[in-house]
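Before any comments, here is the structure.
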Amino acid sequence: MTAAKTLAYEAFQLEVSPLRPVGGEGQGEVAGTADSTIATSPDALCAPPSPPLRRRGRIVMWAAAALAIALSCAPAAAAPQRIASIYLCSDQLLLRLADRARIVSINRFAADPSFSNEAGTVAGIPLNRGLAEEILPLNPDLVIAGVFTAPATKAMLRRLGIAVLELPVEEDFAGIRDNIRRVAKAIGEEQRGERLVAELDRSVAAAPAPGARRPELMLYRFGGYSQGRNTLSHAIFERAGFANYAASRLNGVGRLPLEKIVSDPPDAILLGDEGTERNSLSAETLAHPALRKLRATLPTLVVPDRLWLCGLANTGEAVRRLAAFRASMPDIRKRAPEPAR
């Protein structure tokens with residue numbers, strides 16, 4: 001017990017000790033034990049406090065002051081010192097915000113340069129696959145994950161009393177800022193978080209302003225997946241001066257049928273680069289003759305997946321590349337579908 005708390009406690013003990021009688025015999029005291037003695041005569045009630053009562057009043061004020069000091073001096077909750085991440089996006093935020101000595105593990109994809117902007121900085125940090133049996137022996141005091149990441153792992157960690165911070169999927173630039181601040185606050189690095197937010201804002205602001213002409217850009221990924229409304233890709237396209245081809249066809253992430261793309265093509269195509277663990281059947285989608293023909297006739301840009309798989313300060317680089325791509329495009333209108341043969 002701290003000195004201030006001890007003083008407050010001792011003062012409290014004095015305050016709750018049995019009261020001494022206020023008046024003397026014949027002064028209207030209620031008969032009974034000292035604990036139940038109450039002054040009832042007008043003279044006793046209106047008379048100046050006796051020395052014992054004045055002393056008790058000072059004790060009460062002293063106790064209150066000591067308690068206030070104790071509360072004001074109480075240490076804030078300690079920032080976590082053993083932090084693990086099981087989610088690619090939180091991995092990269094953690095690597096930018098925390099000292100290496102505090103990071104006990106990150107997801108294995110953080111070490112893959114196809115997916116991670118921080119792949120060159122992870123040497124020496126244990127990698128995980130998001131499994132509880134990998135995380136528990138590390139004795140973390142905080143685990144950071146995504147909303148949709150390893151639900152069984154998160155549930156087990158929580159049952160064992162380990163704090164888990166879940167990050168929502170970013171759908172716009174405000175969502176990126178929010179997640180940066182969530183992680184920064186959770187690990188006690190708010191100043192670093194604000195510097196990272198400022199880095200994002202500067203990077204996005206440096207991209208050319210969108211023009212009046214907004215060609216339709218289609219993101220096409222392995223397996224035929226694209227991103228429509230309420231996605232980070234949509235926000236990036238809008239900021240870079242494109243209309244999102246998938247916005248009128250998808251809410252969130254989904255597949256775009258290739259036959260519909262061929263019959264109603266976009267103005268330009270955006271592809272991600274090839275990662276290290278792609279499914280061969282999904283890769284065949286990009287090799288389809290119909291898509292190859294579109295790629296041969298439409299402006300096509302390849303942007304590394306790592307720049308927009310997660311909402312990070314690096315997302316501004318994706319905006320910059322797309323804005324430059326838009327500026328280089330000819331003034332074209334939406335292409336009409338080719339006549340059937």
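Counted the way this note's numbering counts, the sequence shown spans residues 1 to 341.
For each residue, glycine too, the CB sits at the ideal point set by N, CA and C.
Neighbourhood of residue i by C-beta distance below 6 Å, restricted to the same chain and skipping five residues each side
i	result
Arg335	Interpretation of Arg335 is limited by its pLDDT of 48, a score under 50 that renders its predicted location unreliable; the figure taken from the coordinates is listed afterwards. Within the same chain, Arg335 has close Cβ partners Pro265.
Ile106	Ser85, Asp91 and Ile125
Arg321	Val303
Residues bridged to residue i (per DSSP)
i	result
Arg103	The amino acid at residue 103 is misidentified as Arg; the sequence shows Ile. In DSSP, Ile103 forms a bridge with Ile83.
Asn128	Asn107
Ser146	The sequence given here places Gly at residue 146; Ser does not occur at that position. Gly146 pairs with Leu167.
Glu216	Ala243
Arg221	Looking at the DSSP assignment, Arg221 forms no beta bridge with any residue, so it has no partner.
Arg229	Asn251
Nearest candidate by alpha-carbon position, reference residue i, set the options
i	options	result
Arg129	Glu170, Ile86, Ile103 and Leu138	Ile86
Ala207	Val319, Leu94 and Arg326	Val319
Leu270	Ser248, Glu216 and Asn251	Glu216
Val197	Ala323, Ala327, Arg321 and Ala313	Ala313
Arg100	Ala110, Val122 and Ser116	Val122
Thr300	Cys310, Arg96 and Pro330	Pro330
Ala209	Arg239, Gly224, Arg159 and Pro126	Arg239
Arg214	Gln81, Phe325, Arg292 and Ala155	Phe325
Ser328	Ala296, Pro289, Ala290 and Ala268	Ala268
Arg221	Ala155, His288 and Gln191	His288
Pair within 8 Å by beta-carbon distance, residue i and residue j
i	j	result
Leu167	Gly316	no
Ile144	Leu165	yes
Gln227	Val253	yes
Gln78	Glu171	The identity of residue 78 in the sequence shown is Ala, whereas the question assumes Gln. No, these two residues do not count as a Cβ contact at 8 Å.
Leu232	Ala246	no
Phe237	Asn230	no
Leu294	Val262	yes
Ser116	Arg306	yes
Leu88	Ala110	yes
Val183	Pro140	no
Arg224	Leu258	Residue 224 is actually Gly in this sequence, not Arg. Cβ distance < 8 Å, so Gly224 and Leu258 count as in contact.
Arg102	Leu127	no
Glu118	Leu95	yes
7 Å Cβ shell around residue i - same chain, five flanking residues per side excluded
i	result
Ala98	Ile83, Ile187 and Glu189
Ile375	Since the first residue shown for the chain is 1 and the last is 341, residue 375 is missing from the structure and cannot be characterised.
Cys310	Leu88, Cys89 and Gln92
Gly241	Pro210, Gly211, Arg214, Ala323 and Arg326
Ala150	Ile86 and Gly130
Cut-off 8 Å between Cβ atoms - residues of its own chain near residue i, not counting five sequence neighbours on either side
i	result
Ala152	Ala132
Pro304	Ser114, Gly272 and Asp273
Leu157	Ala132, Ile135, Leu136, Val143 and Val164
Gly124	Arg100
Gly175	Pro168, Val169, Leu232 and Gly311
task: Scan the segment 157-210 and note each continuous alpha helix (DSSP H) run of 4 residues or more that stays entirely inside, going in chain order.
output: Fully enclosed alpha helix (DSSP H) runs of 4 or longer: 173-186 and 190-206.
message: Threshold first: 4 residues or longer. Then list the alpha helix (DSSP H) segments lying entirely within the segment 249-310, N to C.
response: Secondary structure remark: continuous alpha helix (DSSP H) runs of at least 4 residues inside the segment 249-310, in chain order: 258-263, 280-286 and 289-297.
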